[in-house]
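The next block holds one structure in the form of structure tokens; read it before the comments.
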Amino acid sequence: MKKILIIEDESNISDFVKMELEYEGYEAEISEDGKEGLIKALREDYDLIVLDLMLPGISGLEVCRRLKKEKDIPVIMLSAKDSVMDKVAGLQIGADDYIAKPFAIEELIARIQVIFRRAEKVKSNIIKFKDLSIQLESRTVMKNEEKINLTNKEYELLILLLNNKGKVVTRDNILNEVWGYDYDAGTNVVDVYVSYLRNKLDEKNKEAYIETVRAVGYIISEK
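In full-length UniProt numbering, the protein residues as written are 1 to 223.
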């Protein structure tokens, strides 16, 4: 269940939004103060923040600015101010969307759903394993936030093994999937490229990503 924090000092608005969000199947909590809301947002795990611009304690803009420095969490900003400059200010400090008061609850819920769908799409395009992160659209491989430069074949080999995590992938299957059916089955190209990949992933003296299954092929264990 998605968990949403509503940081809003007008209780008639926050209570109504909370009720509607819970009706839609979300878990919702309320904070009526900017400082308190920021502390809750930083300490607990939320999937989205609905944040009012005008708050006691700390302004919504400042809450958003501090929160975005610490966490990658979507923020929808609410405000009675509907000027272009206010919208620009909110979006420039990291708000993902901006809704002017008064607003229809259906619009807020629709925008929340759009943000969650967008996040799921991005998530589905990323493979994470241990300290590796692979962005499929850009074919970018990162290890502990550092980019690893792989050739096309090395990248395809890594993705094949990760997509079959926990299963042994035979040398013949790797040849078929990465090099094509017409490639000489007697070649040791698979073993050579696994060695290249291991070196680039820097497995020396560390837990191995790719394990050898003698006389069969290779496996990336789910451990």
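C-beta atoms are modelled at their ideal positions from N, C-alpha and C, and glycine is treated no differently.
Boundaries for E10: no beta strand (DSSP E) harbours it, and the DSSP string shows neither H nor E there. Residues L160 of the same chain have their beta carbon placed closer than 6 angstroms to that of E177, with the five preceding and five following residues left out of the count. In this structure L55 does not touch V75 by the C-beta definition: roughly 13 angstroms separates them, more than the 8 angstroms allowed.
The DSSP-derived three-state label of I93 is coil. Here L160 carries a helix assignment [DSSP, helix/strand/coil]. Annotation note: the UniProt domain "Response regulatory" (3–116) contains the following uninterrupted beta strand (DSSP E) runs of length 3 or greater, listed N- to C-terminal: 3–7, 27–31, 48–52, 75–79 and 97–100.
Collapsing the DSSP output to three states places E145 in coil.
Sequence-distant Cβ neighbours of K35 in its own chain, meaning closer than 6 angstroms and more than five residues away, are G57 and I58. Where Y193 is concerned, there is no enclosing beta strand (DSSP E), although the alpha helix (DSSP H) around it starts and stops at V189 to K200. Annotated three-state conformation of V216 is coil, per DSSP.
E137 carries a coil assignment under DSSP once its states are collapsed to helix, strand and coil. Per the DSSP secondary-structure output, E211 pairs in a beta bridge with I219. In the displayed model, K153 falls within a helix according to three-state DSSP. Beta-bridge analysis with DSSP links L132 to F129 and K143.
One thing to note: L5 has its Cβ no nearer than 8 angstroms to the Cβ of I115.
For V178, the secondary structure class from DSSP, reduced to helix, strand or coil, is helix. Take the alpha-carbon of E24 and the one of Y98: they are about 21 angstroms apart. Between the alpha carbons of L42 and N163 lies a gap of roughly 34 angstroms.
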